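Asks: Position 170, counted from 1, in the sequence shown is what our numbering calls 156; the numbers after and before it change by one each time, with no gaps. All residues carry an ideal CB built from backbone N, CA and C; glycine is no exception. Keep in mind the model is a prediction, meaning the values are calculated, not measured. Okay, here's the structure, questions in a sec.
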Amino acid sequence: MHNDIKEILLTKQEIDMMVHKIASSVNDDFRGEEVTAVVILKGSIMFAADLVRCLTVNVKLDFMQASSYGSGVESSGVINIKKDLETDVKGKNVLIIEDIVDSGRTLSLLREEIEKRGAKKVAIASLLSKPSRRVVDVKIEYIGTEIPDEFVVGYGLDMDEKYRQLDYIGILKPEVYMS
Ligand code: PRP
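Have a look at this one:
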């Protein structure tokens, strides 16, 4: 275990099980159809890479990097798209792949944006959810697990770009993020 980690929250095996469970639901729900996986950079790359390899439906991959502006409690915030999709999602089934839902602002705005572009169906898969931090209510079709409000890193999640490469999800020692 990395020295900055206080405790392992989810082991590689536990993550694997969650990924397989989500994949199996996606495979059932989109059987016989094509899905455009919209991978939200950067945190979701590990989850997305593992998830799409378990999908049996036809998958196309595209990437987006976005963040939300402002602190409004409604989904009327503004989305800042740092990197946009190459795909025109009009008429497509879109699976948005995220690592974590916190306040819900980013995903709520992203969902709105993709729907506005005319997607046929939009579904969201997020590995983690912190319900205690939710400010905007957003529908998440597939959630790996709910977690407490702790500073988690690993499996794509970072603190100042560090720890993304860990193959488990760990809780950071307070002295690491307080310093
Ligand atoms: C994280 C996460 C979501 C967002 C969730 O991304 O991947 O996109 O924050 O927070 P919210 O529910 O409060 O909107 P981050 O901005 O840390 O970027 P990263 O994925 O590149 O690390």
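Going by the beta-carbon positions, is the gap between Ile65 and Ser54 smaller than 8 Å?
Replies: If you check the CB distance, Ile65 and Ser54 come in under 8 Å.
Asks: Buried or exposed, going by whether 16 or more other CB atoms sit within 10 Å of the CB of Leu152?
Replies: Classification of Leu152: buried, given that the 10 Å Cβ count is 16 or more.
Asks: For Val5, which residues in the same chain have their Cβ closer than 8 Å to its Cβ, ignoring the five residues on either side in sequence?
Replies: Phe33, Asp36, Leu37, Cys40, Leu113, Gly130
Asks: What first and last residue would you give for the beta strand (DSSP E) that runs through Met50?
Replies: From DSSP, the beta strand (DSSP E) with Met50 extends over 44 to 55.
Asks: Hey, would you say the C-beta of Glu84 is under 7 Å away from at least one heavy atom of ligand 1?
Replies: yes
Asks: For ligand 2, is there any heavy atom lying closer than 7 Å to the beta carbon of Leu37?
Replies: In the structure on display, ligand 2 does not appear, and the ligands it does have are ligand 1.
Asks: Taking only runs that begin and end inside the region 6 to 49, name each unbroken beta strand (DSSP E) of 3 or more residues, in chain order.
Replies: 20 to 26
Asks: The beta strand (DSSP E) spanning Thr92 covers which residue range?
Replies: Run containing Thr92: none in the beta strand (DSSP E); it sits in the alpha helix (DSSP H), 91 to 102.
Asks: Could you check which residue in Asn13, Val12, Ile1, Ile86 has the C-alpha nearest to that of Glu136?
Replies: Ile86
Asks: Identify every residue that forms a DSSP beta bridge with Tyr128.
Replies: Ala111
Asks: For Gly140 and Glu132, I'd like the C-alpha separation in whole angstroms.
Replies: 16 Å
Asks: Beta carbon of Ser54: closer than 7 Å to some heavy atom of ligand 1?
Replies: Ser54 Cβ: within cutoff of ligand 1.
Asks: Note down the Cα distance separating Asn13 from Asp2, rounded to an integer number of angstroms.
Replies: 16 Å
Asks: Let me check understanding here. Comparing Cα to Cα, which of Glu(-7), Glu147, Gly63, Tyr149 lies closest to Glu98?
Replies: Gly63
Asks: Can you tell me which of the three DSSP states Glu84 falls into?
Replies: Shown here, Glu84 sits in a strand according to DSSP, grouped into three states.
Asks: What does a CB cutoff of less than 6 Å around Gly104 pick up in its chain, not counting 5 residues either side in sequence?
Replies: Lys76
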